[in-house]
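For reference, the structure is listed below as structure tokens.
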Amino acid sequence: MLPLNRFDAFRTDNKLFDLSDRILLAVSGGKDSVLMCQFFNASGIEFGISHCNFKLRDTDADLDETFVKDLAKQFNVPFHSTSFDTKGYSIEHRVSVQMAARDLRYKWLEEIRIANNYDFIAVAQHKNDAVETVLLNLVRGTGISGLHGIRAKLNLIVRPLLFLSRDEIDELIESEGISYREDSSNASVKYARNKIRIEVIPKLKELNPALVETFESNLRHFAGIEQFFKQQIDELRITLFQEKEDYSIIDINSLLNFSHQQVVIFELFRPFHFTRNVLEDLIKSCHGISGKIFESVSHTILVDRGKLILQPRQKTDLNNMLLNEDSGFTVWGGYHFSWHGLALKDAQIKSGSNLAYFDARGISFPLTLRSWIKGDTFVPLGMKGRKKVSDFFISKKVPVTAKQHIPILENGNGDILWIAGFQSDDRYKVSLQSEKVIIFEIHK
């Protein structure tokens with residue numbers, strides 16, 4: 003029998019979703035995702051099935067899609083599918099085939115979630131996947147943030163099978179007589195993750211047969227350490243970074259006065275996308291000749307007479323984006339942004355800084371999604387008077403260098419509707435007199 007009590011306990015303990023939520027399952031046809039369907043069906047949770055055909059395995063890929071489509075019919079649930087030119091995307095965007103597939107998959111899943119009113123997207127990763135992820139991160143050098151493995155919930159992505167190991171999944175598939183599709187590419191060691199799973203982990207298990215269980219315990223410990231360390235770094239950043247109108251000043255002596263300065267400096271500047279190599283060069287140059295500049299994709303650091311000047315790169319100005327009335331989804335400045343309208347009686351008003359609700363009567367499309375402009379004002383929800391957006395940022399301790407990267411949603415009449423992720427405007431709030439609401443949602 004399926005361990006439904008463990009499934010439900012994991013869902014509850016990690017606050018993945020409510021039993022009343024609608025969940026979009028990402029299903030490849032392999033053991034893990036097919037078993038996930040079985041759990042959702044047996045638990046009576048409303049769900050739909052989605053499948054991506056990446057066109058990487060010719061006939062096998064098409065057979066996978068047919069299998070998953072039949073699976074949806076078996077469960078009598080909605081089926082959503084698409085296909086991608088994954089290799090073409092990989093070449094065009096200069097990323098690996100695996101990264102291309104990941105990008106295409108998650109963007110499409112989010113579009114389907116929004117268009118069909120699903121609350122969350124579920125993917126079927128398990129304990130062994132978490133172990134493989136940590137080992138990959140260690141090899142690639144992602145720092146302390148790479149040690150927590152896979153999160154059970156990240157924004158609207160949930161992983162309800164993380165309570166199971168690969169061996170447990172195999173046993174359940176066999177004992178329940180569940181059919182599935184085997185992906186032949188899983189046996190190829192040309193992919194880094196497969197190489198770790200096939201060649202590295204078996205060797206580690208020779209040293210510790212309970213490797214997966216040991217990692218599970220360690221990952222919880224690492225996650226706690228990461229959270230504590232991040233809090234300390236955030237507080238330290240506020241202390242060391244003297245914020246001006248559009249740049250920050252950091253005293254070099256204060257910055258270098260740490261016994262583990264490379265670790266601290268790497269984490270302090272992580273939000274500004276500087277690589278480890280660049281920061282190592284920065285440390286070596288801190289007491290050198292003034293005028294040297296270090297660059298990331300979004301920021302620059304100038305060494306200037308005992309100080310570091312951190313500021314956004316001018317080339318990273320974000321273009322204004324128009325949003326039309328039809329329900330939609332877009333990406334702006336690293337944020338996923340979606341919107342749709344509903345009758346008030348059909349809308350479920352939920353709390354959360356990533357959500358905003360407005361009375362449709364006051365909304366004048368097209369809206370504009372843009373960066374902060376000096377002089378911007380709005381009326382914060384619950385207040386009557388106007389407030390400068392720059393003062394609002396200061397009250398929220400938003401770094402000067404981050405202000406330009408926070409999305410501002412502007413109404414067609416020029417009023418600011420929402421400082422996305424922070425605060426909406428009181429003048430356009432939903433009331434008992436509202437008939438239709440416009441719902442906006444944003445995720446990093």
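Residue numbers (our numbering): 3 to 446.
All C-beta atoms, glycine included, are put in the ideal place defined by N, C-alpha and C.
For glycine 32, the closest C-alpha among the options Gly50, Ile25, Leu73, Asp15 is that of Leu73.
Residue pairing by DSSP places proline 314 opposite His301 in a beta bridge. Between isoleucine 51 and leucine 6, the alpha-carbon positions lie close to 20 Å from each other. From the listed residues Ser300, Val305, Glu269, Leu270, the smallest Cα separation to leucine 284 is found for Val305. Within the same chain, Ser366, Phe367, Pro368, Leu369 come within 7 Å of glycine 414 by CB-CB distance, once the 5 residues on both sides are set aside. Glycine 335 counts as buried, since at least 16 other C-beta atoms from the protein chains shown sit within 10 angstroms of its C-beta. With contacts defined as CB atoms closer than 8 Å, leucine 383 and glutamine 425 qualify as a contacting pair.
Taken through DSSP and simplified to helix, strand or coil, valine 400 comes out as coil.
Sixteen is the threshold: when 16 or more other Cβ atoms of the shown chains lie within 10 Å of the Cβ of asparagine 130, as they do, the residue is buried.
Residue state for valine 29 is assigned as coil, using DSSP reduced to three classes. Beyond the five residues adjoining it in sequence on each side, isoleucine 175 comes within less than 7 Å, by CB distance, of Lys33, Leu37, Tyr182 in the same chain, given in chain order. Boundaries of the beta strand (DSSP E) harbouring phenylalanine 331: 330-334, taken from the DSSP string.
Under the three-state reduction of DSSP, phenylalanine 424 is assigned to coil, being neither helix nor strand. Counting along the chain, isoleucine 291 sits inside no alpha helix (DSSP H), nor does DSSP assign it H or E at all.
Taking each of Met323, Gln234, Ile441, Ser353 in turn and checking the Cα distance to arginine 363, the smallest one comes out for Ile441. Taking all protein chains in view, the Cβ of arginine 372 is crowded by 16 or more other Cβ atoms within 10 Å, so the residue is classified as buried.
Look at aspartate 361 here: in three-state DSSP terms it is strand.
The criterion of a C-beta distance shorter than 8 Å is satisfied by leucine 270 and isoleucine 235.
CA-to-CA, the gap between histidine 301 and isoleucine 418 works out to about 27 Å.
Within the same chain, Leu138 come within 7 Å of alanine 194 by CB-CB distance, once the 5 residues on both sides are set aside.
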